[in-house]
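If you count the sequence shown from 1, you need to add 207 to reach this note's numbering. By construction, the Cβ of each residue, glycine as well, lies at the ideal position given by its N, Cα and C atoms. The structure presented is a predicted model; accordingly, all values stated were derived computationally and were not measured. What follows is a set of notes on a single structure, which appears directly below.
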Amino acid sequence: MPNACPSCSGNLVVTELCCSDCKTMIRGSFGLPIFASLSAEEGEFLKIFLAARGSIKEVERQLNISYPTVKARLDALLNRLGLGSLQVEAKKSRMEIVARLERGEMTAQDAIGLLKRLEE
208 MPNACPSCSG NLVVTELCCS DCKTMIRGSF GLPIFASLSA EEGEFLKIFL
258 AARGSIKEVE RQLNISYPTV KARLDALLNR LGLGSLQVEA KKSRMEIVAR
308 LERGEMTAQD AIGLLKRLEE
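Shown next as structure tokens:
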């Protein structure tokens, strides 16, 4: 499904829905689901990743690609879905915890507890 206007590259909006059984029509302005913006290749990668329950090793095996390639595709997909900033924030938080540990501002136990909570 196209998600950009072929004329000006603006965002497309669904303006009409139709029931396939009774032909009832609903008109309005409906945004496209975020996953509609994915290419067929990105959608297939996401499907395989989900079927593998997030196991990068399993995705490697199914697609016959390397670990770095799986990670790169996953990072690109997260960025495409607007979720890349979450990874950056989590990394910053982990780095701050390690820095506080190195400065002696917390114990190793406290650092482990905080790091575990970040993973939840």
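Name the DSSP beta bridge partners of C225, please?
-> DSSP links C225 through a beta bridge to M232.
Reducing DSSP to helix, strand and coil, say where A315 ends up.
-> Helix at A315.
Every unbroken alpha helix (DSSP H) within the stretch 242-280, with a cutoff of 4 residues, ordered by chain | 247-258, 263-270
Is it true that the stretch 263-278 meets the stretch 224-244, where meeting means three or more beta-carbon pairs spaced less than 8 Å apart?
-> no
Buried or exposed: I319, going by 16 or more other Cβ atoms within 10 Å of its Cβ?
-> exposed
Residues of its chain near F256, where Cβ-Cβ distance is below 6 Å and the 5 sequence neighbours each way are ignored | Answer for F256: V266, listed in chain order.
Leaving out five residues before and five after L322 in sequence, what residues of the same chain have Cβ atoms less than 8 Å from its Cβ?
-> R301, I304
Candidates V221, G291, Q316, N210, of which the one nearest L245 by Cα | N210
Less than 8 Å separating the beta-carbons of E249 and L219?
-> no
With DSSP run on the structure shown, which of helix, strand or coil describes N218?
-> strand
How long is the line joining the alpha carbons of R280 and P240, rounded to whole angstroms?
-> The straight-line gap from Cα to Cα measures roughly 21 Å.
Contacts around R287, its chain only, beta-carbon distance under 8 Å, and the 5 residues preceding and following it disregarded | S244, L245, E249
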